[in-house]
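As you go down the protein sequences, you meet chains A and B in turn.
The first sequence lines up with residues 1201 to 1528 when you count with my numbering.
The second sequence lines up with residues 11 to 539 when you count with my numbering.
Just so it is clear, CB atoms sit at the ideal spot from N, CA and C, and this is done for glycine as well.
Here the structure is a predicted model, which means the values were calculated and not measured.
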Amino acid sequence: MKRTFSFVIVALLALGACSSGDGSGPLIVYSGRSEELVQPLIDNFEESSGIDVEVRYAGSTDLAATLLQEGDATDADVFFAQDPASLGSVTDLLMPLQGSVVDRVDPKFVDREGRWVGTSGRVRTFVYNTETQIALPETIDDVTDARWMGVVGVAPTNGSFLAFVSAMILERGEEATLDWLKALANNEPIDYPKNSPIVAAVDAGEIEGGLVNHYYLLRLRAEGEGSSAENWFIPAGDVGSLVMPAGAGILANSDKSDDALEFIEFLLSDEAQEYFANETFEFPMIEGVEPAKGLPPLGEINAPNIDLSELADVLDDATRLVAEAGLV
Amino acid sequence: MTVGPTISSAPTTPTKTRSSSRGWWTAAGLILVPALIPPISLVWQVITKGAGSTIPIARLAQLFANTVALSISVTLTALAIGVTTAWLTNRTNIPGRRGWLILSAMPLVVPSYVAALTLIGATGSTGLFATWLGINIPTPYGFVGAWAALSVFLAPMAHLITSPALRLIDPATEEAAVGLGASRLKTFATVTLPQLRPALVSAGLMVGLYTVSDFGAVSLLRYDTFTRAIFTLYEGQIDRRPAAFLSVVLMVVAVAILFLERRTRSRAGYQLGSVKRRRSLINLSRRVKFASLGFLSLYSILAILIPTAVLVFWLLRGINAGVEIGSFWDETVRTVSIALVAAALAALASLPLAMVTTWRRNRLSPAVETSVWAVYALPHITVGVAVISFALAWTRPLYQTIGLLVLVYVAMFMAQSVSTVQDSLRRSSPSLEEASTGLGKSPFETLRRVTLPITAPGLIAGAALVSLSVMKELPATLLLRPNGFETLAIRIWSSTGEGFYTSASVASLVLLAVSIVPLLALTYRDLSD
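(1) Grouping DSSP H, G and I as helix and E and B as strand, with all else coil, what is A:L1213?
(2) Going straight from the alpha carbon of B:T149 to that of B:G134, what length do you get?
(3) Please report the Cβ distance between A:I1486 and A:I1464, rounded to the nearest whole angstrom; I am assuming they are in contact, meaning their Cβ atoms lie under 8 Å.
(4) Put B:A90 into one of helix, strand or coil per three-state DSSP.
(5) In whole angstroms, give me the CA-to-CA distance for A:L1515 and B:F236.
(6) Roughly how many angstroms lie between the CA atoms of A:K1382 and A:E1408, to the nearest whole one?
(7) Taking all protein chains shown into account, decide if B:T200 is buried (16 or more other Cβ within 10 angstroms of its Cβ) or exposed.
(8) Looking at C-alpha atoms only, which residue of B:F241, B:V93, B:Y419 is the closest neighbour of B:P204?
(9) When you compare the CB of A:Y1416 with every CB in chain B, is at least one pair closer than 7 Å?
(10) Tell me the rounded alpha-carbon separation between A:I1369 and A:A1376.
(11) Which of the three DSSP states, helix, strand or coil, is assigned to B:R459?
(12) Quick one: does A:I1450 have its CB under 7 Å from some CB of chain B?
(13) Let me check understanding here. Comparing Cα to Cα, which of B:L291, B:T95, B:A471, B:Y534 lies closest to B:A182?
(14) Using only the alpha-carbon positions, how far apart do B:R344 and B:F338 sit?
(15) Any beta carbon from chain B within less than 7 Å of A:E1406's own beta carbon?
(16) Using a 10 Å radius around the Cβ and a threshold of 16 neighbouring Cβ atoms, would you call B:N372 buried or exposed?
(17) If you follow the beta strand (DSSP E) that B:W369 is part of, which residue opens it and which one closes it?
(18) Per DSSP, which residues does A:I1228 bridge with? Please list them.
(19) Compare the C-alpha of A:E1371 against each of A:A1518, A:K1456, A:A1523, A:A1525 and name the closest.
(20) Looking at A:P1393 and B:L230, is the spacing between their C-beta atoms short of 7 Å?
(21) Contact between the region 305-316 of chain B and the region 95-115 of chain B: three or more CB pairs below 8 Å?
(22) Distance, Cα to Cα, B:T368 vs B:V418?
(23) With distances taken from CA atoms, which of A:P1496, A:L1467, A:V1238, A:E1479 is nearest A:N1431?
(24) A:S1320 by DSSP, collapsed to three states: which one?
(25) Could one say the Cβ of B:G7 lies closer than 7 Å to chain A's Cβ atoms, at least one of them?
(26) For B:P542, does the three-state DSSP call read helix, strand or coil?
(27) Give me the Cα-Cα distance between B:S302 and B:A168, rounded to the nearest whole angstrom.
(28) Do you know offhand how far A:V1255's Cα is from B:V333's?
(29) Which bits of chain B does A:A1265 rub up against, with CB to CB less than 7 Å?
(30) What three-state label does DSSP hand B:Y309 in the structure shown?
(31) Per DSSP, A:Y1392 is paired with what?
(32) Once the 5 residues before and after A:L1237 are set aside, which same chain residues still bring their CB inside 7 Å of it?
(33) Entirely within the region 1291-1344 of chain A and at least 3 residues each: give me those beta strand (DSSP E) ranges in chain order.
(34) Counting C-beta neighbours from all protein chains within 10 Å, is the total for B:G283 16 or more, i.e. buried, or is it exposed?
(35) Within 7 Å of any Cβ in chain B, is that where the Cβ of A:E1236 sits?
(36) Straight-line CA distance for B:T447 to B:R436?
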């Protein structure tokens, strides 16, 4: 008995000792962007700046909720998120950014109080099989047309779909959004847990089209497939071609705000922007860097006019409406 | 586990065991109280902060029905497969018996999300079957897919739990039945199965409640259970209250299942005594032998060959496309070492808990068992969120430390080791301990010389089961780990999310490879016994 206890206590002490951190450590980044996508870039930053970076990878919404739970007690210095909704839900914890970063980016992709800045653009798109006989949707409402009955893939529980629904709430109001979601549900879409299997299914010809972010197709091509699918940017200027920047902000309580600012400046440097363009296939946020081959310039995409700063306010409503419409 | 004091011949003699009972109960209390922090913190959150937006009753009813239907069907199927493989590989002279014994346990190393992922990767028109064999099987989404994936990959739990019990059965009773003219099948059903009851109940709970808490298979294969709904809420919403509320409902369901199980079971147990008798392997007829070999081969193909082939398929496809393959060395070291520490602690913690629910039973024992299993049945994401709020409020220095993560693993998975240690205890009798005390040995000496040797097989098996579970664990690890503490499971999650299938396949193959070690520890017992 006693021995059992002393074992447990010694083991716990050992664990505690090897895991306790101290205040003067590295720059802590909470990243909702996955390790595969951004770690190489962070390695480059560490090398060029001499600043040590410690990254916590998890889902963007997850990290936003964790930051809210941690509040002022958080150790995080930077929040690097996949979407404006996650960033927007923690703006109270972020500090206003300096002009050196904010001015580099189109104000459309910056928080209205300058608390976060877009670092790369992701565009909602309609991915389709190149052999499809069905006329491509001119508006997002066309996707709920009977001609697309039972052949469209959606990921209704995925963050990017929920952000898209949030944007629709801002554009059309709750009621009209619920109508659209119900119309989509009536059209018997095929639901997937994530974007990438939708693109794979479209490429395989299992379904004719799908609502996804644009870069999943380019990603699939990098894995050696994807030749039978193509992205279609819905041209009507509605949320079908929503541009959702991934972005970053600095925690107001950070004791390393200079390092944190240097990190965000780095994310907006030519080097990082070219990395986003060519390695993660996203749209660069600064002038002078071109998107990956096969993608139109961001300016040519007829994106809707949405105040991204408001996206966070309706994110939870979006989740509720998606459930109400019977999509999950 | 929940099968009462099975050794009816050995009621504890109060005078000699009172002091050691008190010791065991104190230890059990000290372990159980912190382990109950997640559920208590969760209920507290719901009481103080409310449920957020309300969830319609109709949806709750649907989730309840789906969850129970999946749990029951997976349990029955996994038990059927697991008992069959266990019987064939432990009691018969099937050719290659020992090899099949390991192969039948092996699918346990496949995490449910990898199982689901590879099922999706094998089927469909771009899947492995279509590409390599030209057979296009539509992907079985929904109930069928979730049921098939979970049953196939949880059957080894039943196999592993029932194997030792099967070897323990006195062949004399079976031989008597056969001698009296009963068929092999009838003997199995009327003589063998009833003696397996404690092991079957253990395995059933382990599989059934795992199914309740699983998210990987149900989310990827799109079957709407409580846990999937809870996940969706946590992932899609900043407001964590509705998910917490749903988790409390789920916990009530789990406790109800435990309660029902307690009400319906009978008090069958092992027949002690002639366990040392050399048992003989049953001779299978030619026809049965072929059928059995067919069954074992089919199972191994489904549960081992196909998932591995899909992973290799992705890997080769990626290499062809020129994808760079990273090493996962750091992740592997972290995964293995944290699993080892957690497994050792879980085994230690389970000793007092198993003791107070078998040899040192009293009226509190059912509550102890229910608590242990209730924590096991909670979705791991829920445990993670509950522990975050608790740690931030009360134990800030432990927040995001390896120590806390290990403790959470122990709380979540110790039901598995409690169950295997209980099994060891049930096969022996407290009278041995009493004899030792009676001979004037100190409690400490008794523990070392009597209790530990008796429970050693259960402790080892429990530690191995827990380490397998820890290696595969994702949601709680994601929430509670220190910054930068990436495990193999986390890398599989992050790479599949963004469509990096090559990376995902490498990380999965590494995870499968390192999981073989605890698996061998589990089957070693069966092989050498």
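With the given structure in hand:
(1) Numbered from 1 along the first sequence, position 13 holds the residue referred to as residue 1213 of chain A. No answer about A:L1213 holds up, because its pLDDT of 47 lies below 50 and its placement is not dependable.
(2) If you number the second sequence from 1, residue 149 of chain B lands on position 139. If you number the second sequence from 1, residue 134 of chain B lands on position 124. Approximately 5 Å between the Cα atoms of the pair.
(3) Looking up residue 1486 of chain A in the first sequence gives position 286. Looking up residue 1464 of chain A in the first sequence gives position 264. Not confirmed; about 12 Å, so no contact.
(4) Taking the first residue of the second sequence as 1, we reach residue 90 of chain B at position 80. The three-state secondary structure of B:A90, taken from DSSP, is helix.
(5) By 1-based counting over the first sequence, the position of residue 1515 of chain A is 315. By 1-based counting over the second sequence, the position of residue 236 of chain B is 226. The alpha-carbon atoms of A:L1515 and B:F236 are separated by roughly 22 Å.
(6) Here residue 1382 of chain A refers to the residue found at position 182 when the first sequence is read from its first residue. Here residue 1408 of chain A refers to the residue found at position 208 when the first sequence is read from its first residue. Cα-Cα distance, rounded: 20 Å.
(7) Locating residue 200 of chain B in the second sequence gives position 190, where the first residue counts as 1. B:T200 is exposed by the Cβ-count criterion.
(8) As a first step, residue 204 of chain B must be located in the second sequence, where it is residue number 194. Comparing Cα positions, the closest option is B:V93.
(9) Numbered from 1 along the first sequence, position 216 holds the residue referred to as residue 1416 of chain A. Any Cβ of chain B closer than 7 Å to the Cβ of A:Y1416 would place that residue at the interface, and such an atom is present.
(10) Reading the first sequence from its first residue, position 169 is the one you call residue 1369 of chain A. Reading the first sequence from its first residue, position 176 is the one you call residue 1376 of chain A. If I take the Cα positions, the gap works out to 8 Å.
(11) In the second sequence, counting from the first residue as 1, residue 459 of chain B sits at position 449. The answer is helix: DSSP assigns B:R459 an H, G or I state.
(12) Your numbering for residue 1450 of chain A matches position 250 in the first sequence. Chain B, which has no Cβ nearer than 7 Å to the Cβ of A:I1450, makes this no.
(13) Counted from its first residue, the second sequence places residue 182 of chain B at position 172. Cα-wise, what sits closest to B:A182 is B:L291.
(14) To locate residue 344 of chain B, count along the second sequence from 1; it is residue 334. To locate residue 338 of chain B, count along the second sequence from 1; it is residue 328. Here the C-alpha atom of B:R344 lies approximately 10 Å from the C-alpha atom of B:F338.
(15) Here the question's residue 1406 of chain A lines up with position 206 in the first sequence. Closer than 7 Å: yes.
(16) Here residue 372 of chain B refers to the residue found at position 362 when the second sequence is read from its first residue. Burial call: exposed.
(17) Within the second sequence, residue 369 of chain B is the residue found at index 359, counting from 1. Boundaries for B:W369: no beta strand (DSSP E) harbours it, and the DSSP string shows neither H nor E there.
(18) Against the first sequence, residue 1228 of chain A aligns to sequence position 28. Looking at the DSSP assignment, A:I1228 forms a beta bridge with A:E1254.
(19) Position 171 of the first sequence, counted from the first residue, corresponds to residue 1371 of chain A. Checked all of A:A1518, A:K1456, A:A1523, A:A1525; the closest Cα to A:E1371 is A:A1518.
(20) The residue you call residue 230 of chain B lines up with position 220 of the second sequence. The residue you call residue 1393 of chain A lines up with position 193 of the first sequence. In contact: B:L230 and A:P1393 (Cβ atoms closer than 7 Å).
(21) Three or more beta-carbon pairs drawn from the region 305-316 of chain B and the region 95-115 of chain B are found closer than 8 Å, and the two stretches are therefore classed as touching.
(22) As a first step, residue 368 of chain B is located in the second sequence; it is residue number 358 there, counting from the start. As a first step, residue 418 of chain B is located in the second sequence; it is residue number 408 there, counting from the start. Whole-angstrom Cα-Cα distance: 25 Å.
(23) What you label residue 1431 of chain A is simply residue 231 of the first sequence in a count that begins at 1. When the alpha-carbon of A:N1431 is set against those of A:P1496, A:L1467, A:V1238, A:E1479, the nearest one is in A:P1496.
(24) For this step, residue 1320 of chain A is matched to residue 120 along the first sequence. In the three-state scheme derived from DSSP, where H, G and I count as helix and E and B as strand, A:S1320 is classed as strand.
(25) Absent from the model: residue 7 of chain B. The displayed extent of chain B is 11 to 539, so no value can be given.
(26) Within the shown structure, residues of chain B are numbered from 11 to 539, placing residue 542 of chain B beyond reach of any answer.
(27) Walking along the second sequence from the start, residue 302 of chain B turns up at place 292. Walking along the second sequence from the start, residue 168 of chain B turns up at place 158. Their backbone Cα atoms lie some 18 Å apart in a straight line.
(28) To locate residue 1255 of chain A, count along the first sequence from 1; it is residue 55. To locate residue 333 of chain B, count along the second sequence from 1; it is residue 323. One C-alpha to the other measures close to 24 Å.
(29) Here the question's residue 1265 of chain A lines up with position 65 in the first sequence. Within 7 Å Cβ-Cβ: I248, R250.
(30) For the purposes of this step, residue 309 of chain B is taken as the residue at position 299 of the second sequence. In the three-state DSSP reduction, B:Y309 falls in the helix class (H, G or I).
(31) Here residue 1392 of chain A refers to the residue found at position 192 when the first sequence is read from its first residue. A:Y1392 pairs with nothing; no bridge assigned.
(32) Taking the first residue of the first sequence as position 1, residue 1237 of chain A is located at position 37. T1480, listed in sequence order.
(33) Those beta strand (DSSP E) runs which fall completely within the region 1291-1344 of chain A and span 3+ residues are 1316-1329.
(34) Here residue 283 of chain B refers to the residue found at position 273 of the second sequence. A caution first: B:G283 carries a pLDDT of 48, below 50, which makes its placement in the model unreliable, though a value can still be read off. With fewer than 16 Cβ atoms within 10 Å of its Cβ, B:G283 is classed as exposed.
(35) Within the first sequence, numbered from 1, the residue matching residue 1236 of chain A stands at position 36. At a cut-off of 7 Å, the C-beta of A:E1236 has a neighbouring C-beta in chain B.
(36) Numbered from 1 along the second sequence, position 437 holds the residue referred to as residue 447 of chain B. Numbered from 1 along the second sequence, position 426 holds the residue referred to as residue 436 of chain B. The straight-line gap from Cα to Cα measures roughly 19 Å.
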